[in-house]
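To keep things clear, I will list the structure first and then write my remarks on it.
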Amino acid sequence: MHHQQTRPGFKSKFGAIAALAGSAVGLGNIWKFPYIAGTNGGGAFLLVYIFFTIAIGFPVMLAEFSLGRHSQQNALGTFRVLAPGTSWLLFGLLSILSATLILSFYGTVSGWTLEYIWLSLTNSFKGQNAEDINTIFNNFISHPYKAVLWQSGFMILTGAIIMGGVQKGIERYSKIMMPLLFLIIIALSINSLTLSGAAAGLKFLFRPAFTCLTADGVLAALGQAFFSLSVGMGILLTYASYIPRNDSLPHISLKVILTDTLVAILAGMAILPAVFSFQINPQAGPGLVFLTLPTVFQNLPAGEIWAVLFFILLTFAALTSAISLLEVPVAYLVEEKKMKRPAATLLATSVITFIGSFNTLSFGPLRNVHIGGMNVFEACDYLCSNILLPLGGILICIFSGWYLDKSILFNEISNNGILKIRFFKLYIFILKYIAPVCILLILLHAVGVI
Ligand code: PHE
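Here the sequence shown stands for residues 936 to 1385, where the numbers follow our numbering.
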C-alpha cells in the first residue's frame, strides 16, 4: 500500500525541522527542565534524561513519524487508515485527549510568561530583592482572574496562528521564532556563566550525584524526555503527515532531538548558575524561572531589556509548542468531523481555554482542591507527563513493532529503499522489546504497582 502525498504539507525541510523543533523546544526545556533537574539531583538526572532521550525517545519518535507520514492523516485518521475497524482507533482518540489536556495546563504557564513580559516592560522588578520577587510571583498566580485573562490571551495567539494553516501559520511562524529563540538562550547562558558563584550551578547540573536520584527521579526523567520531545500523543504523527516525502525521517528526528536536548542544557546553564549565585532554592518548583531570572536581570546593567527579551523568547518557545498541541484536535475536527478550519480552531481553542482555567485557578481560588495530594494543575501535569505520555509511547511501540507490517516502517524510514538504513533490525528489536518494557516498568512505578 503506497499513499501519495494527498494534501499540502510543509514547504521546505528547514520549515519542517523548525516546526518540529518548535514543538519539541518549549516550556518543557526552559521552565520545566531546570526545576525537575533541580529537585532530582541535577547531574545524575541529566544523564538518565539523555539516556532515555536517545534509547527510547528516538525510536518512538521515528515510529510516530513513519506512521504519520505514511498515512497522511491526523492522529485518529492514522489508525483508521492503518488499522481499520480495530480498537486502535481508541488510541487515536486518547492521543487527541492528551494533547488537549496538556495544552490546558501549558496555557497556564504560557499566560504567566505574558504577564512577565508586561512586568518587565513596566520595569516592575527594579530594586526588588529575591524575596520581593517571590511575593510578586505568588500574588500574581493567586490572583482571582488575572492569570486566566493572560491565559486566554495566549490561547487567542495560538488559535490565530493555527487558523493560518500549515504553511502560512505553523511553518511561517516557527521559521521566525526558532532561530531567535536559539540566539537568545545562548546569550543568556553566556551571561549567567559570568555571575559570581556560577560554578556551583554548573557543578550541580553536570556532576552526577547518583545518591540523590530516586526511582521517582528516574520516572520523572522519562516523563520529561517524552514531554520535551512531544512524543506519545499524536503531535508527531500529525506534523509528520506534513513532512515532504523525500526528506529523511531519521535525519529530521536526530536534528530535532539534538536541538531539544541542547536547549534544555542551555536553559539549565542559564538558570542554575543564577539560582546558586543569588541563593535561590533550586527546588523552587514551577516558579523557578519566574523567580530566578527577574532576580538576575535586575542586578544587571540594562537588565530590563534582558528581562523583556527573555520573557518574549519564553513566549515564543511556548507558542511554537502550543500550536503543535492545538493542531492535533484541529486536524482531527477538520478531517474527521469535516469542520471548516476556522470553526474547528475556534471550538478547540475555547474548550481548551475553559478546561485550562481550572488549572490556572488552582494556584488561586481553587488552591484547596486537591487530587492525590496535588493541586489541579499538578495533578493534570502528573497525569499527562507520567501516565498518558508513557502509555502513548508504549502503544506506539506495540502498534508499530508488533501490529504493523514492517515494510511500511522500512519504506518510510528509508524513503522506499533510497536511503541506506544500517540498523533496521536493531531498531525493530528496540521498538518491540526494549522500549515498551522500559516504559512499562516506569509506568507501573508511576501508578504505584512497583
Ligand atoms: N515539548 C514541549 C515542551 O518541551 C511541550 C509539548 C509537549 C509540546 C507535548 C507538544 C506536545 O515544552
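We put the beta carbon where it would ideally sit given N, CA and C, even for glycine.
Check	Outcome
Residues bridged to Gly977 [DSSP beta-bridge criterion]	Pro1143
Segment contact flag, the region 986-1002 with the region 1219-1232, C-beta cutoff 8 Å, min 3 pairs	no
Inter-residue spacing [alpha-carbon to alpha-carbon] between Gly1062 and Gln1233	7 Å
Candidates Gln1086, Gly973, Met1274, of which the one nearest Ala1144 by Cα	Gly973
Burial state of His937, where buried means 16 or more other Cβ atoms lie within 10 Å	For His937, the predicted model reports a pLDDT of 47, less than 50, meaning its position is unreliable; a value from the coordinates is still stated below. His937 comes out exposed.
Nearest neighbour of Thr1196, chosen from Phe1162, Ala1219, Lys1110, Ile1215 [CA to CA]	Phe1162
Same chain, Cβ closer than 7 Å to Ser1218, neighbours up to 5 away in sequence not counted	Note on residue identity: the sequence assigns Gln, not Ser, to residue 1218. The residues are Gly973, Thr974.
Distance CB(Leu1375)-CB(Ser1033) smaller than 8 Å	no
Beta-bridge partners of Ile1306, as assigned by DSSP	Met1309
Segments assigned alpha helix (DSSP H), at least 4 residues, entirely inside the region 1293-1364	1311-1317, 1324-1333, 1341-1348, 1359-1364
Uninterrupted alpha helix (DSSP H) stretches inside the region 980-1025 (no shorter than 4 residues)	993-1006, 1010-1017
The region 1273-1283 / the region 1135-1150 touching (three or more Cβ pairs under 8 Å)	no
4 or more residues per run - each alpha helix (DSSP H) lying fully within the region 1206-1238	1223-1232
Reduced DSSP category for Tyr1177 - H, G, I as helix; E, B as strand; rest coil	coil
Three-way DSSP call (helix, strand, coil) for Val960 in this model	coil
Segment limits, alpha helix (DSSP H) that includes Asp1182	Run containing Asp1182: none; DSSP gives neither H nor E here.
Alpha helix (DSSP H) runs wholly inside the region 1093-1144, at least 4 long, in chain order	1107-1128, 1133-1141
Ala953 Cβ short of 7 Å to the ligand PHE heavy atom set	no
Helix, strand or coil at Arg1276 according to DSSP, with G and I counted as helix	helix
The region 1172-1181 touching the region 1005-1013, judged by at least three CB pairs closer than 8 Å	yes
Among Leu1260, Phe1364, Leu1326, nearest to Ile1031 - alpha-carbon criterion	Leu1260
Cβ-Cβ separation, Ala1257 to Tyr1080 (assumed contact under 8 Å), whole Å	21 Å between Cβ atoms; not a contact.
Reduced DSSP secondary structure (H/G/I, E/B, other) of Leu1260	helix
C-beta contact flag for Thr1048 and Phe1246 at 8 Å	yes
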